[in-house]
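Notes to accompany the following structure.
Number of protein chains: 2
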Amino acid sequence: MAADVLAAADLRGIDSHGVARLHAYYELLQAKAINPTPDVRIIHETPSTATVDGDNGLGLVVGPKANKIALEKAKAVGSGWVAVQNTNHYGIAGYYPLQAVEQDMIGVSMTNTTKLVAPCFGIERMLGTNPIAVGVPCGKYPPVVLDLATSAVAFGKVEIANRVGATMPEGWCIDKEGKPTTDPKAMMDGGALLPLGSDRDRSSHKGYCLSAWVDIMTAVLSGANWGPFAPPFTLRSGVNATEKRVGKGIGHFFGAWRVDGFRPADEFKAQMDDWVDTFRATKAEPGKKVLIPGDPEREALEERSVSGVPLTEAVVVDLEDISKTIGVPFDRTVFEVDAE
Amino acid sequence: MAADVLAAADLRGIDSHGVARLHAYYELLQAKAINPTPDVRIIHETPSTATVDGDNGLGLVVGPKANKIALEKAKAVGSGWVAVQNTNHYGIAGYYPLQAVEQDMIGVSMTNTTKLVAPCFGIERMLGTNPIAVGVPCGKYPPVVLDLATSAVAFGKVEIANRVGATMPEGWCIDKEGKPTTDPKAMMDGGALLPLGSDRDRSSHKGYCLSAWVDIMTAVLSGANWGPFAPPFTLRSGVNATEKRVGKGIGHFFGAWRVDGFRPADEFKAQMDDWVDTFRATKAEPGKKVLIPGDPEREALEERSVSGVPLTEAVVVDLEDISKTIGVPFDRTVFEVDAE
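Chains as they are written, first to last, in the numbering used here: chain D, 1 to 340; chain B, 341 to 680.
In structure tokens, the structure reads:
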């Protein structure tokens, strides 16, 4: 299950969330910070809702199991919703709605994450990058999939700027004093990401509201740790650990609406095809085109399904390290072929 | 019902959506562009979902009726979801989740609106300001309520800048050539609002995705007119009318999750109180404080519940005009007292 989630990220071009993270998950399992044999179970439910206890399992395993419960409830009564407590990082948010789309449902997935984002007017980290993902089935076209962190940008973009020594655009970050900064180091050294909208003039209160919504649905509703109390993803990032606990682990929220709970699925999907054609035809800036949500990931999927997934040397070394320690045979040439 | 929705807007300080709009609704009714006696009915349903045909009624009446169906379904099976076709402008999005909150539910409301917003990289109006509102019950504190247009700003802010002859901050609008502009006239003269995020560097693709999501849930799912085909709100704004129709009227989407579908409501509400205290205590910029979603509206509600709702002269003249035409007695002194 975990391999399927990670491979989906790599195939869809989201390198930051694929096997590049395997070593971090592996360390958490080795350190027994994550339960390798979780008893994932429903602790509260109605016909269309449930709360699931992830038993501190890998989010990559708890997530697919909980999402499946949401889809089963939707199949039975038209929509299904599952809040998850006591879980860990679940990979790309967009993986889960794709499971719903396969059954002609509109799927939703959210998760809270360890604090990185300052609220509008705030100057300290209080919320995670708290993504929202939604998948919508089409007819002849691939599904429309949106998958967005509710911060101005994901933390990965700051890390990349730092690695290559670049400055960042204005509106991404503040430093530890709360001052706007374009220096990635200044954010990483106790600063914070800004919410979607960047500043009050451009409505950063809206990004803050959306992030707060995700935090409430995933963590307050499920009984997980919310806001600044969400535990860190990796052992190495213990810097965000906090003494106070207000629940168990981090939280996810999954859901799906059956399209035919509203109108015949074929009718809906034909309209979605028309919707896609209409938006693709939008008059655009010179040299640009208007994309359909999910286009970049689909293009990567098409290319990588044929040519393979390029991995950086650092990731291959990480994989080799895991192989050596646990005794799984490792053939480096496979990776060299893929990386061409 | 309509009066309750409009009064809620005025009491909560959202003057643009209160009785200031009564004359526009009145004109639509007089012109028989809106059906004054709609047969609002369910045309498709499952235990937790339904599609409602608003029979071209006032959104201010169709909305509350459809939202009530969502709440009844949530009461029965844990969550309830209603898509609405063949309806009209429904007032403030935040009105509807407040009905859910009263029953210890988390409520959601969305609507599409006539086109004003360009997609990321686009240079023409394709989407409405498509708001998302969510209400969450607390224990000792008032509910947390978020209510946000998915554009960088609401059109009302452009109108205000135009009225007072001010320039706008960068990141709100483009002109009819698709160039960034700070001149409100340039937007109003065939330009467009930008999605939340403002530009690609600051993630306007995310605002576009959220607006697209609202468009799909409210209009494609219900069988209403989606995207650029959503009809205009007022008779006067016929400039956005289009020949092509892809459904009936505009669309809404309402829903609610029963809190006790996930965990005991008292437990949840106690955690929400702690959540509110925690976020209020965020370290903030000098002279600022971190707000809880819904704070500005609550402050207006407290003040106006005591001192009344200030109306501009133009609105009072509008009300007087309606009174004269339909023969309802009009006492101007009432308004003069309220406006002090």
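Every residue, glycine too, gets a C-beta built ideally from N, C-alpha and C.
Everything numeric in this text was worked out from a predicted model, so none of it was measured.
Separation of the CB atoms of L438 (chain B) and P404 (chain B) is rounded to 11 Å, and the pair is thereby denied contact status at 8 Å. The beta carbon of F121 (chain D) sits closer than 7 Å to some beta carbon of chain B. Residue-level contact by beta carbon holds for D201 (chain D) and chain B, with a gap shorter than 7 Å. Taking a contact as a CB-CB distance under 8 Å, the pair A640 (chain B) and R352 (chain B) counts as one, their CB atoms being some 5 Å apart.
In this structure, S211 (chain D) sits near T150 (chain D), with a CB-CB distance shorter than 7 Å. CA-CA distance, F155 (chain D) to D614 (chain B), rounds to 27 Å.
With a threshold of 7 Å between beta carbons, M110 (chain D) makes no contact with chain B. Among the residues facing chain D, E625 (chain B) is included, as its CB has a counterpart in that chain under 7 Å away. Using a CB distance below 7 Å, the part of the segment 609-620 of chain B facing chain D consists of Q611, M612, D614, W615, T618 and F619, ordered along the chain. In the same chain as C138 (chain D), and ignoring 5 residues on each side of it, the C-beta atoms closer than 7 Å to its own belong to V144, K269, M272, D273 and V276, in chain order. In the pairwise beta carbon analysis, the segment 389-402 of chain B is classified as touching the segment 583-592 of chain B: at least three pairs are separated by under 8 Å. If you check the CB distance, P459 (chain B) and V498 (chain B) do not come in under 7 Å.
Listed along the chain, the chain D residues whose CB falls inside 7 Å of the CB of K546 (chain B) are L148 and L196. Contacts with chain B at 7 Å (Cβ-Cβ) do not include K176 (chain D).
Listed in chain order, the non-local C-beta contacts of G197 (chain D) below 6 Å within the same chain comprise S203, S204, K206 and G207, local neighbours out to five positions each way being set aside.
For A284 (chain D), same chain residues with a beta-carbon under 7 Å away, outside a window of 5 residues either side, are V290 in chain order.
Cβ contact annotation for L346 (chain B) (same chain, cutoff 8 Å, sequence separation greater than five): H357, G358, V359, R361, L362, L400 and G431, in chain order.
For V424 (chain B), the nearest beta carbon of chain D is not closer than 7 Å to its own beta carbon. Rounded to the nearest angstrom, the gap between the Cα atoms of L534 (chain B) and W512 (chain B) is 6 Å.
Chain-order list of chain B residues neighbouring P293 (chain D): C549 and A552, by C-beta distance under 7 Å.
Not one beta carbon of chain B lies nearer than 7 Å to the beta carbon of T129 (chain D).
When Cβ-Cβ separations below 7 Å define contact, T46 (chain D) makes contact with chain B. Identification of chain B residues near R258 (chain D) by a Cβ-Cβ cut-off of 8 Å yields T386 and T389, ordered along the chain.
Per DSSP, F461 (chain B) has no beta-bridge partner at all.
Among the residues facing chain B, I92 (chain D) is not included, as its CB has no counterpart in that chain under 7 Å away. For the 7 Å CB-CB criterion, M126 (chain D) and G227 (chain D) form a contact. In the displayed model, E45 (chain D) falls within a strand according to three-state DSSP. For L368 (chain B), the closest of B:D393, B:M508 and B:T574 by C-alpha to C-alpha distance is B:T574. The Cβ of A494 (chain B) sits no closer than 7 Å to any Cβ of chain D. For F254 (chain D), there are no C-beta contacts with chain B under 9 Å, since the nearest C-beta of that chain is about 12 Å from it. A Cβ-Cβ separation of about 3 Å places G94 (chain D) in contact with D147 (chain D) under the 8 Å criterion. According to the DSSP assignment, V402 (chain B) belongs to the alpha helix (DSSP H) that extends over G399 to V417. Residues of the same chain with a CB within less than 6 Å of the CB of R304 (chain D), apart from the 5 flanking positions on each side, are L11 in chain order. Pairing G418 (chain B) with T46 (chain D) gives a Cβ-Cβ distance under 7 Å. Residues of the segment 163-174 of chain D with a C-beta atom less than 7 Å from some C-beta of chain B are P169 and G171, listed in chain order.
For A152 (chain D), the closest C-alpha among the options D:V164, D:M168, D:G135 and D:T37 is that of D:M168.
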